[in-house]
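*Asks:* My structure is below; once you've seen it, I'll send some questions.
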Amino acid sequence: MKLATWNVNSLKVRLPHLLDWLAENPVDVLCLQETKQQDEDFPQAALQAAGYNSVFSGQKTYNGVAILSREPASDVQYGIPGYADDQKRVIAATFTSDPIAKVKQGGNERTTQTVHEARPGANEEANAVSPMQSDRIRVVCVYVPNGQSVDSDKYYYKLGWLSALREWLRDELTRYPKLAALGDYNIAPEDRDVHDPVAWQGNVLVSEAERIQFQNLIKLGLRDSFRLFGQAEKSYTWWDYRMMAFRRNHGVRIDHVLVSEPLAAQCKSCVIDKAPRKLERPSDHAPVVVEL
DNA sequence: ATGGCTGCTTTGAGCAGA
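Numbering follows the numbering used here, with no gaps: position 17 of the first sequence is 9.
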């Protein structure tokens, strides 16, 4: 099973890249950030035609998150429960990783979720093919606030937001032993995740308080899946559009796939796909793909 | 070198991103 995350920086502009990428990389689940689209404009039909269900939480101009999946999503959560926030930065859903269940529902892959209506006997039928609860995977898609600059209002919003995320994930982990939190965290966890740590020192994305918040997420029992494996030095997921930053590999690693211990134990790889960043009019972020 | 790109917007110059 493959899970991925990609900050597309406008789904409207990037839809052709997204469809091409899905054709080349038919992952089971893809988390998107910065869709910058209201829900009524979400390109559900085009994604359906490509074989993907979608759930989404968007707004005009800024933010916006979505989860695309081969299998329909269930138990969809919009936003962090109990945390009032107008900014659309979180969506979560549950999937099954059981291959037998997948084969049995393979014929339904392309049906829309709205077609899945409750009917008598549906639960029993679902139970008959659904795996044990422990085989369900909870997928959390996050777009962490950027923070703009250290000590700004947006910086403190970011730190508070991360605390709310942590407390919610603490709860989620008690309900879902197999949990993956994928997205744009806007934090480079260590100096090796920054092309020029000296130049970036004290900047937003690398500040001590942000890194402590990242470690607080790790302390819940999550692993940075990228670091479960040997990786090339100077591996990044974001490069500034300016100054030919991508060509010079002046990047930072701020998009992450955090996995709970049971998922870490079965995790086979974590790869940053730089290919879409080389296209014309690319997103400034690269996708990150995890195989479980 | 505090700009430099890009996408968005009550379509314009200004905000936001990272």
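Note that the Cβ used here is the ideal one computed from N, Cα and C, for glycine as well. Predicted model only: the values in this text are computed from it and were never measured.
So who's on the other strand from Y70, going by DSSP bridges?
*Replies:* Answer is I83.
*Asks:* State yes or no: is the C-beta of A58 within less than 8 Å of the C-beta of F48?
*Replies:* Yes, the Cβ-Cβ distance between A58 and F48 is below 8 Å.
*Asks:* W192 to I179, Cα distance in whole Å?
*Replies:* Spanning the two alpha carbons is a distance of roughly 12 Å.
*Asks:* Given I129, which residues of its chain have a CB within under 6 Å of its CB, disregarding the five upstream and five downstream residues?
*Replies:* Excluding sequence neighbours, I129 sits near F87, S89, K170.
*Asks:* Whole-angstrom Cβ separation of H277 and D185, contact assumed at under 8 Å?
*Replies:* So it is not a contact: roughly 14 Å between Cβ atoms.
*Asks:* Taking all protein chains shown into account, do 16 or more other C-beta atoms lie within 10 angstroms of the C-beta of R81, making it buried, or fewer, making it exposed?
*Replies:* By the neighbour-count rule (16 or more Cβ atoms within 10 Å), R81 is buried.
*Asks:* With the cut-off set at 8 Å, would you say C23 and V131 are in Cβ contact?
*Replies:* Yes, they are a contact pair.
*Asks:* Would D20 and L3 be called neighbours here (beta carbons separated by less than 8 Å)?
*Replies:* No, these two residues do not count as a Cβ contact at 8 Å.
*Asks:* What would DSSP say about L11, mapped onto helix, strand or coil?
*Replies:* Three-state DSSP puts L11 in a helix.
*Asks:* Where Q25 and I204 are concerned, what is the direct C-alpha to C-alpha distance, given to the nearest angstrom?
*Replies:* Roughly 23 Å between the two C-alpha positions.
*Asks:* Measuring CB to CB, does V134 end up less than 8 Å from G194?
*Replies:* No, these two residues do not count as a Cβ contact at 8 Å.
*Asks:* Leaving out five residues on either side along the sequence, give the residues of the same chain with a beta carbon under 8 Å from the beta carbon of V0.
*Replies:* The residues are R6, H9, L10, L24, Q25, E26, T27, S275, H277.
*Asks:* Can you give me the Cβ contacts of T53 inside the same chain, cut-off strictly under 7 Å, excluding the 5 residues immediately before and after it?
*Replies:* Only K28 meet the Cβ criterion.
*Asks:* Look at L209 and L255 and say whether their C-beta atoms are less than 8 Å apart.
*Replies:* Not closer than 8 Å, so no.
*Asks:* Return the CA-CA distance between R245 and W230, expressed in angstroms with no decimal places.
*Replies:* So the alpha carbons of these two residues sit roughly 6 Å apart.
*Asks:* Jot down the residue ranges of each uninterrupted alpha helix (DSSP H) in the segment 138 to 223, minimum 4 residues, whole runs only, in chain order.
*Replies:* Fully enclosed alpha helix (DSSP H) runs of 4 or longer: 145 to 167, 189 to 192, 200 to 210.
*Asks:* Run the CB neighbour count on P137, radius 10 Å, all protein chains shown included, and call it buried at 16 or more, exposed below.
*Replies:* P137 is buried by the Cβ-count criterion.
*Asks:* So is N241 buried or exposed if we call it buried at 16+ other beta carbons inside 10 Å?
*Replies:* Exposed.
*Asks:* With a 10 Å radius around its C-beta and 16 neighbouring C-beta atoms as the bar for buried, classify E200 as buried or exposed.
*Replies:* It is exposed - the Cβ of E200 has fewer than 16 other Cβ atoms within 10 Å.
*Asks:* Whole angstroms are fine: how far does the CA of F34 sit from the CA of Q51?
*Replies:* If you take the alpha carbons of Q51 and F34, they lie about 10 Å apart.
*Asks:* With respect to the alpha helix (DSSP H) encompassing Q40, which residues constitute its N-terminal and C-terminal limits?
*Replies:* Per DSSP, Q40 belongs to the alpha helix (DSSP H) from 36 to 41.
*Asks:* Mind checking Q36: buried by the 16 CB within 10 Å criterion, or exposed?
*Replies:* By the neighbour-count rule (16 or more Cβ atoms within 10 Å), Q36 is buried.
*Asks:* If you drop the 5 nearest sequence neighbours on each side, which residues of the same chain put their C-beta closer than 7 Å to that of P73?
*Replies:* Answer for P73: W160, listed in chain order.
*Asks:* Compare the Cα-Cα distances from E283 to each of E272, E225, A257, L271 and report the closest residue.
*Replies:* E283 has its Cα closest to that of A257, out of E272, E225, A257, L271.
*Asks:* Nearest-angstrom Cα distance between V280 and N17?
*Replies:* Cα to Cα, V280 sits roughly 11 Å from N17.
*Asks:* For a test of the three-state rule: what should DSSP assign to D247, helix, strand or coil?
*Replies:* It is a strand residue.
*Asks:* Looking at the secondary structure, which residues open and close the alpha helix (DSSP H) in which E253 lies?
*Replies:* Where E253 is concerned, the enclosing alpha helix (DSSP H) stretches over 253 to 258.
*Asks:* Let me check understanding here. Comparing Cα to Cα, which of E253, K211, S217, R269 lies closest to R239?
*Replies:* The option with the nearest alpha carbon to R239 is R269.
*Asks:* Could you tell me the boundaries of the beta strand (DSSP E) in which E283 lies?
*Replies:* Here the beta strand (DSSP E) through E283 covers 280 to 283.
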